[in-house]
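**Q** Take -19 as the starting number for the sequence shown in my numbering and just add one per residue. We put the CB at the ideal spot given by N, CA and C, even for glycine. One structure, as structure tokens, below. Some questions next.
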Amino acid sequence: MATSVMSKPVVLPRGAYDRVFYSGMAVVMALTVLIGFARTYYLSAYFGTHATFGGRPFSTIVRLHAALFTTWVLLFIVQTSLVARHRVAVHRRLGVAVGTLAGLMIVVGTATALQLALSGGAPPGVDPLVFLAVPLGDMVVFASLVTAALGLRRNKEAHKRLMLLAYTAILAAAVARFPGVLPLGPLWFFGLTFLPVLALGVTYDLLTRRRIHPAYLWGGALLIVSVPVRLMISTTQGWRWLAERLVEVAKLYS
């Protein structure tokens, strides 16, 4: 009997720690954003960089981009905290604002990526038009996951996992700014972002449910597959043609 008891897998009560897990993830991801953008934005005055790009002050669109994405980080903490405190009705009402914010983030994030490409924004030695596939890919994946999450908002188990993955889709920009990470290339800064979040989510599911929720399977697959797809298309003639057209449009509004 003792052997039988000891051989049983450790399984936590189903959903008992969901509020702790998702609230904790929200805080950890917010700290990741703060650390990643501390030198170049949030604490730029302290570090002496004074929120500049190439020696020039950030443009209005970049500052708007930063404001919107920071609002997302804060709202994610608020939303997970509301659920943790059983204030689900308020969480749902605020969800309308979150959906609107996500739409604005996609539009402004795309515009910011194009403006930075126009200004030569890319890691040293990388063609800005080639690198453009990275931030635009972020917006495509983020939009896909947020849309799915909002569409499945009545399915709370799928909804919260998809929102977590949507957040993960835009978190790589912060991780890439950790010391020494950007020169390693996209495979590293995406890997250091996507894999830990997926590992934590999957492990928590296995501990509490003995199975992996399908949202992690197809949502995680989208995150991971998007990386090699971006890298493959970014060097094609078709992508260069499209990137040049998009940058030409950006010039009209710069």
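Using alpha carbons as the reference points, say which of F1, M9, S3 lies closest to A154.
**A** M9
**Q** DSSP three-state call for P194: helix, strand or coil?
**A** helix
**Q** Quick one: does the C-beta of S206 sit closer than 7 angstroms to a heavy atom of the ligand ZN?
**A** Judged by which ligands are present, the structure shown has none, so any question about the ligand ZN falls away.
**Q** Throw me the rounded Cβ distance for the A179 and L98 pair, which I believe falls under 8 angstroms.
**A** At roughly 37 angstroms, the Cβ-Cβ gap does not stay under 8 angstroms, so A179 and L98 are not in contact.
**Q** Can you name, in chain order, every residue of its own chain whose Cβ lies under 7 angstroms from the Cβ of R(-1), other than the five neighbours on each side?
**A** V63, A64
**Q** Sort G105, T51, A93 by Cα distance to G79 and report the nearest one.
**A** T51
**Q** Quick one: any contact between the region 166 to 179 and the region 199 to 213, if contact means 3 or more CB pairs under 8 angstroms?
**A** yes
**Q** Mapping the DSSP letters down to three states, classify P166 as helix, strand or coil.
**A** helix
**Q** Let me confirm a value: L96 is counted as buried when at least 16 other C-beta atoms fall within 10 Å, else exposed. Which label applies?
**A** buried
**Q** Would you identify the three-state DSSP class for P176, choosing helix, strand or coil?
**A** helix
**Q** Confirm, please, whether the CB-CB distance from A113 to S3 is below 8 angstroms.
**A** Not in contact: S3 and A113 (Cβ atoms no closer than 8 angstroms).
**Q** Buried or exposed for H66, please, with buried defined as at least 16 other CB atoms from any protein chain shown within 10 angstroms of its CB.
**A** The residue is exposed, with fewer than 16 neighbouring Cβ atoms inside 10 Å.
**Q** On the three-state DSSP scale, how would you describe P108?
**A** helix
**Q** Taking V120 as the reference, give the member of L187, S39, L202, L74 with the closest Cα.
**A** The shortest Cα separation from V120 among L187, S39, L202, L74 belongs to L202.
**Q** For A(-18), name the three-state secondary structure that DSSP assigns.
**A** Only weak support exists for where A(-18) lies, its pLDDT of 48 falling under 50; the value from the coordinates is given anyway. Helix at A(-18).
**Q** Quick one: what's got a C-beta closer than 7 angstroms to S61's C-beta in the same chain, skipping five residues either side?
**A** S3
**Q** Label A77 either buried or exposed according to how many other C-beta atoms from any shown protein chain fall within 10 Å of its C-beta, with 16 as the threshold for buried.
**A** exposed
**Q** Looking at C-beta atoms only, is the number of pairs between the region 135 to 147 and the region 101 to 113 that lie closer than 8 angstroms three or more?
**A** no
**Q** Going straight from the alpha carbon of V53 to that of P159, what length do you get?
**A** 21 angstroms
**Q** Could you have a look at P115 and say whether DSSP puts it in helix, strand or coil?
**A** helix
**Q** Using the Cα positions of M5 and A129, report the straight-line distance between them to the nearest angstrom.
**A** 17 angstroms
**Q** How is the alpha helix (DSSP H) around V70 delimited, first residue to last?
**A** 68 to 98
**Q** Under 7 angstroms Cβ to Cβ from V70, same chain only, skipping five residues before and after it: list those, please.
**A** L62.
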